[in-house]
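**Q** Quick note: to get the working numbering, add 9 to the position in the sequence shown (first position is 1). By construction, the Cβ of each residue, glycine as well, lies at the ideal position given by its N, Cα and C atoms. This is the structure I want to talk about, given as structure tokens.
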Amino acid sequence: MSKPFLKWAGGKYTQLADLFVHIPAGKRLIEPFVGGGSVFLNSEKHADYLLADVNPDLINLYQMLAVVPDEVELKARWMFEHMRSPDGYELIRSEFNAQTLDATERAAAFLYLNRHCFNGLMRYNQANKFNVGWGGYKAPYYPMDEMKAFAAMAHNCVFMTADYRRTISLAGKGDVVYCDPPYEPMPGTNRIHRLRRWWF
């Protein structure tokens with residue numbers, strides 16, 4: 010099976026065997042909450058994919074890997090090799106938050122931050138600034154093989170920044186929609202409530 014190249018909270022890689030028992034075959038798989046992409050990367054039941062998320066940086070990374078994978082890989086590898094310290098991390102995060110990077114640089118920075126931040130947590134504050142601290146890893150894994158596998162599938166994919174309502178509205182006859190919404194706290198508690206998954 011193909012592993013996702015990003016760390017992603019709520020990823021389903023270890024549960025794929027159970028999930029695919031319930032996901033039917035169809036012409037196109039639609040994921041309104043694509044996240045790390047474990048499901049579509051390993052689906053053999055669908056020819057095409059519509060993959061959406063509300064995080065524009067995630068979708069930008071996916072789009073750039075689909076169009077200019079070598080350019081993203083070159084820039085990301087440089088960051089991994091030359092920005093291994095807390096100071097390097099802070100510099101990349103500052104440039105990322107300053108919105109001064111072009112699309113490929115931002116894609117590479119997003120990958121770098123994901124692999125170097127604490128637990129791969131991709132979190133933004135109310136000012137839309139990425140605010141997760143340095144993870145302290147000695148040698149963060151550079152997911153070259155996983156990125157190549159992703160790029161090989163990307164020609165069958167449409168990536169879009171959209172919420173689930175917009176994404177689901179695009180479903181047509183023969184499409185399969187897999188919804189795995191993010192978790193949210195129960196009102197008035199610190200406990201986590203697992204939202205329902207839907208298959209259409």
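1) Determine the DSSP secondary structure at PHE119, reduced to helix, strand or coil.
2) To the nearest angstrom, how far is it from the Cα of SER94 to the Cα of HIS31?
3) From PRO33 to ILE39, what distance separates their C-alpha atoms?
4) Could you round the C-beta distance between MET88 and ILE68 to whole angstroms and report it? I think they count as a contact, below 8 Å.
5) Examine the ligand HEM and report whether any of its heavy atoms sits within less than 8 Å of the Cβ of TYR146.
6) What are the start and end residues of each continuous beta strand (DSSP E) run of 3 or more residues lying completely inside the region 134-173, in chain order?
7) Identify whether ASP189 lies in helix, strand or coil by the three-state DSSP scheme.
8) Taking only runs of the beta strand (DSSP E) that begin and end inside the region 28-110, which ones reach a length of at least 3 residues, in chain order?
9) If we count the other Cβ atoms within 10 Å of its Cβ and call it buried at 16 or more, is LYS147 buried or exposed?
10) Measure the alpha-carbon distance for ALA107 versus ASP66 and round it to whole angstroms.
**A** Per the coordinate set shown:
1) PHE119 falls in the helix class under three-state DSSP.
2) 44 Å
3) 12 Å
4) Actually they are not in contact, since the Cβ atoms of MET88 and ILE68 sit about 20 Å apart, beyond 8 Å.
5) Annotation note on the ligand HEM: not contained in the displayed structure, which lists no ligands.
6) Counting only runs that start and end inside the region 134-173, the beta strand (DSSP E) elements of at least 3 residues fall at 166-170.
7) coil
8) 37-40 and 57-62
9) exposed
10) 14 Å
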